[in-house]
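Here is the structure we will look at, set down as structure tokens.
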Amino acid sequence: MSAPARDPRPAVTLGEGSPIPRGCNRGRAPALSRRAVRPGFLRYSRPVSDASAIQGLVAYTDGGCRGNPGVGGWAFVLVHRATGSTLERRGGEAETTNNRMEITAALELLRSLKRPGQRLEIRSDSRYLIDLATKWAAGWKRRGWTRKGKEPLKNLDLIKPLDALLDTHHVTWTWVAGHSGEPGNDYVDQLANEAMDCLQSGADPALERRLEASPIPL
30 MSAPARDPRP AVTLGEGSPI PRGCNRGRAP ALSRRAVRPG FLRYSRPVSD
80 ASAIQGLVAY TDGGCRGNPG VGGWAFVLVH RATGSTLERR GGEAETTNNR
130 MEITAALELL RSLKRPGQRL EIRSDSRYLI DLATKWAAGW KRRGWTRKGK
180 EPLKNLDLIK PLDALLDTHH VTWTWVAGHS GEPGNDYVDQ LANEAMDCLQ
230 SGADPALERR LEASPIPL
């Protein structure tokens, strides 16, 4: 089998990370044309000034699986508002759950940031992820990472590092309705589904792309 063609798009310097194999690169994904922010959007803070909504970085995250548990994929797209420079990344696991993939997408996004103290808006269609980050984690941490009644927590191996990274940045969370035609959500959903397609075909789901311009309207 001949080697896959190299992605011709120039790299940008946003969000350095470990090299990720370009296995199952099926070509570039197309650009898809408690307070209300705009229809279909709800904003939560952790907390942070609303200034983060108009400067810094904005990201979409998504995760899911086929069967629950089943083959799963996650993805994020991270855009620098001022320059449009973009980092997108996807991955997956052969046996996982929807919630684990949603958390993983946000965790990998935060791990991609080069410096602490970033102003970041994260847009997600997962109320579970947003509630975890903005409401539940603080109480769990006070109780020694247990639920009320000392019940053990699921996904703690992901939740604890996510919480630690959130404490190092200025994060605003925005809920977006899934599968509603919102371009950024549709775009990152497609990336996560590509990761699942790769796994089901026996290929590597991991992919990273660095773009000079955002593939989605913000």
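Whatever position you read off the sequence shown (first residue = 1), add 29 for my numbering.
Every residue gets a Cβ at the ideal spot worked out from N, C-alpha and C, and that includes glycine.
- Proximity to Leu220 across Leu86, Val87, Cys94, Ala162 peaks at Cys94, based on C-alpha coordinates.
- Note that the C-beta distance between Thr175 and Trp202 is not below 8 Å.
- Ala242 places its beta carbon 8 Å or farther from that of Gly121.
- DSSP places Ile159 in the helix class (H, G or I) of the three-state scheme.
- Put simply, the backbone Cα of Gly113 is about 23 Å away from that of Thr197.
- Residue burial annotation: His208 is exposed, with fewer than 16 other C-beta atoms found within 10 angstroms of its C-beta.
- DSSP, read as helix, strand or coil, puts Glu124 in strand.
- Rounded to the nearest angstrom, the gap between the Cα atoms of Asn184 and Arg118 is 21 Å.
- Considering only Ile188, Leu236, Gly210, the residue with the shortest C-alpha distance to Thr133 is Ile188.
- Around Ile159, the same chain offers Tyr73, Ser153, Trp202, Trp204 as residues with beta carbons nearer than 8 Å, after the five sequence neighbours per side are excluded.
- In this structure, the CA atom of Gln147 is about 24 Å from the CA atom of Asp186.
- With a beta-carbon spacing of about 6 Å, Pro246 and Pro212 fall inside the 8 Å limit used to define contacts.
- Arg140 sits in a helix when the DSSP states are folded into three classes.
- Val217 sits close to Val106, with the two beta carbons spaced by under 8 Å.
- DSSP lists Tyr89, Glu117 as the beta-bridge partner residues of Val106.
- Residues Cys94, Pro98, Gly101 of the same chain have their beta carbon placed closer than 7 Å to that of Thr125, with the five preceding and five following residues left out of the count.
- Shown here, Gly99 sits in a strand according to DSSP, grouped into three states.
- For the pair Trp169 and Met130, the CB atoms are not nearer than the 8 Å cut-off.
- Between Asn222 and Tyr89, the beta carbon gap of about 14 Å keeps them out of contact (Cβ cut-off 8 Å).
- A distance of 8 Å or more separates the beta carbons of Pro234 and Leu240.
- DSSP places Glu131 within a helical segment (H, G or I) once states are collapsed to three.
- In this structure Leu86 is not in contact with Leu136, their Cβ atoms being roughly 16 Å apart against a cut-off of 8 Å.
- Nearest neighbour of Arg140 by Cα position, chosen from Leu194, Leu182, Tyr157, Arg171, turns out to be Leu194.
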